[in-house]
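Chains as they are written, first to last, in the numbering used here: chain A, 1 to 104; chain B, 105 to 257. Contents: one structure, followed by commentary.
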Amino acid sequence: MDAVFKALADASRRELLDRLRAENGQTLGELCARLDMTRQAVSKHLAILEEANLVATVRRGREKLHYLNPVPIHEIAERWIGKFERSRLQALSDMKQALEQSDE
Amino acid sequence: MSKPTFVYVTFISAPPEKVWHALTDSKATAQYLSGFHVAMETCQGGASLFKRGDQVFNRGTVLVCEPPHRLSVTWHPELGEFSVEEPSRVTFAIEEIGTGQSRLTIIHDDFAPDSKAPATVGEGWMRVAASLKSFVETGKGMDLLAAVEGVNA
Numbered sequence: 001m002d003a004v005f006k007a008l009a010d011a012s013r014r015e016l017l018d019r020l021r022a023e024n025g026q027t028l029g030e031l032c033a034r035l036d037m038t039r040q041a042v043s044k045h046l047a048i049l050e051e052a053n054l055v056a057t058v059r060r061g062r063e064k065l066h067y068l069n070p071v072p073i074h075e076i077a078e079r080w081i082g083k084f085e086r087s088r089l090q091a092l093s094d095m096k097q098a099l100e101q102s103d104e
Numbered sequence: 105m106s107k108p109t110f111v112y113v114t115f116i117s118a119p120p121e122k123v124w125h126a127l128t129d130s131k132a133t134a135q136y137l138s139g140f141h142v143a144m145e146t147c148q149g150g151a152s153l154f155k156r157g158d159q160v161f162n163r164g165t166v167l168v169c170e171p172p173h174r175l176s177v178t179w180h181p182e183l184g185e186f187s188v189e190e191p192s193r194v195t196f197a198i199e200e201i202g203t204g205q206s207r208l209t210i211i212h213d214d215f216a217p218d219s220k221a222p223a224t225v226g227e228g229w230m231r232v233a234a235s236l237k238s239f240v241e242t243g244k245g246m247d248l249l250a251a252v253e254g255v256n257a
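Next comes the structure, spelled out in structure tokens:
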């Protein structure tokens, strides 16, 4: 779990996770093309995310595809969020989203 | 070869044989699927049914059966709008990492072109992975339907 928090404690790595959430299964090249980071930096961040199991990789021929793996974050949520709290938090989250959208 | 649509990875503190048993044994699956269970003929070409009681929700066929490392089944809902679509595919890969530790990868892919099904997969597999891990490690699964029922409460 330390690895998960360490991996998340960096804006660039969170940005990478956001990119994968928007489009799962990207190659290193695809991720680099849309970010203002060197290929080397992206590669290093991905390794840390993979080490923390936040990114899963699948080989397709010669390509390595990167996927956002939500399981560790789900496990953290399961640890600290009780089952009755979850629906209330979901309701709050829905409300926040609805209010933010109506502001736009 | 199509790009996998969903990939989930979880580490489980148990050898691959135990994870395999939890995935394929009907009684074991009932322990962590909150009222559902899987009835599977563990051989290539065998049937794989996802059921609640006698009602079949998913009717699949076993494509790959290599105990205790690789299981691939077709995924074909019996009910609802996706029952008319071509089946998709779910693969479970279990690797041993260190002694008595497994890495379970769940891949759901091969959806029909233009299928709307991927949008509905959502948190399902993630919850199954968490409940399976909990069951294998502690003997007790999680309540998969808690969130859903909570909303209705």
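Where a beta carbon is used, it is the ideal one built from N, C-alpha and C, also for glycine.
{"Check": "Between B:Phe161, B:Pro171, B:Thr195 and B:Phe196, which has its C-alpha nearest B:Gly184's C-alpha?", "Outcome": "B:Phe161"}
{"Check": "With respect to 7 Å, is the separation between the Cβ of B:Ile116 and the closest non-hydrogen atom of the ligand NAP below this value?", "Outcome": "The ligand NAP is absent from the structure shown, which contains no ligand whatsoever."}
{"Check": "Would you mind reading off the limits of the beta strand (DSSP E) that contains B:Met144?", "Outcome": "His141 to Met144"}
{"Check": "Is the distance from the Cβ of B:Pro108 to the Cβ of A:Val58 below 8 Å?", "Outcome": "yes"}
{"Check": "At a CB distance below 9 Å, what residues from the segment 111-125 of chain B approach chain A? Give them in sequence order.", "Outcome": "Val111, Tyr112, Val113, Thr114 and Phe115"}
{"Check": "Over what stretch of residues does the beta strand (DSSP E) that includes B:Gln159 continue unbroken?", "Outcome": "Gln159 to Glu170"}
{"Check": "For B:Phe154, count neighbouring C-beta atoms within 10 Å of its own C-beta (all shown protein chains included) and say buried if the count is 16 or more, exposed if not.", "Outcome": "buried"}
{"Check": "For a contact meaning CB atoms closer than 9 Å, what does A:Arg59 contact in chain B?", "Outcome": "None at all; the shortest Cβ gap to chain B is about 10 Å."}
{"Check": "Under 8 Å, Cβ to Cβ, is there at least one residue of chain B near A:Gly25?", "Outcome": "yes"}
{"Check": "Helix or strand or just coil, what does DSSP make of B:Pro120?", "Outcome": "helix"}
{"Check": "Check each candidate in A:Ala3, A:Asn24, A:Leu92 and A:Arg19 and name the one with the smallest Cα separation from A:Glu49.", "Outcome": "Per the sequence shown, residue 49 of chain A should be read as Leu rather than Glu. Answer by Cα proximity: A:Ala3."}
{"Check": "Kindly give me the distance between the Cβ atoms of A:Leu46 and A:Leu16, rounded to whole angstroms, as I take these residues to be in contact under 8 Å.", "Outcome": "7 Å"}
{"Check": "Compare the C-beta of B:Lys244 against all C-beta atoms of chain A and say whether one is closer than 8 Å.", "Outcome": "no"}
{"Check": "Quick one, which of A:Gln40, A:Ala98, A:Asn69 and A:Gln97 has its alpha-carbon nearest A:Leu14's?", "Outcome": "In the sequence as presented, Leu is not what sits at residue 14 of chain A; that position holds Arg. Of the listed residues, the one whose Cα sits closest to A:Arg14 is A:Asn69."}
{"Check": "To which residues of the same chain is B:Gln135 closer than 6 Å at the C-beta, ignoring the five residues directly before and after it?", "Outcome": "Phe239 and Gly245"}
{"Check": "Shortest alpha-carbon distance to B:Val111 belongs to which of B:Arg207, B:Asp218 and B:Pro191?", "Outcome": "B:Arg207"}
{"Check": "Which of the three DSSP states is assigned to B:Ala216 in this structure?", "Outcome": "coil"}
{"Check": "Cβ atoms of B:Thr224 and A:Val71: under 8 Å apart, would you say?", "Outcome": "no"}
{"Check": "Alpha carbon to alpha carbon, what distance is there between A:Met37 and B:His141?", "Outcome": "47 Å"}
{"Check": "For a contact defined as C-beta to C-beta under 9 Å, what are the partners of A:Ala65 on chain B?", "Outcome": "Looking at the sequence itself, residue 65 of chain A is Leu, so the reference to Ala does not match. Per Cβ cutoff of 9 Å: Lys107, Pro108 and Val111."}
{"Check": "Over what stretch of residues does the beta strand (DSSP E) that includes A:Ile48 continue unbroken?", "Outcome": "Taken as a continuous stretch (DSSP letters only), A:Ile48 belongs to no beta strand (DSSP E), being part of the alpha helix (DSSP H) at Arg39 to Glu51."}
{"Check": "Can you say whether A:Gln97 is buried or exposed, counting buried as having 16 or more other CB atoms within 10 angstroms of its CB?", "Outcome": "exposed"}
{"Check": "Going by C-alpha distance, which of B:Cys169, B:His173 and B:Thr165 is nearest B:His180?", "Outcome": "B:Thr165"}
{"Check": "In this structure, what does DSSP give as the bridge partners for B:Tyr112?", "Outcome": "B:Ile210"}
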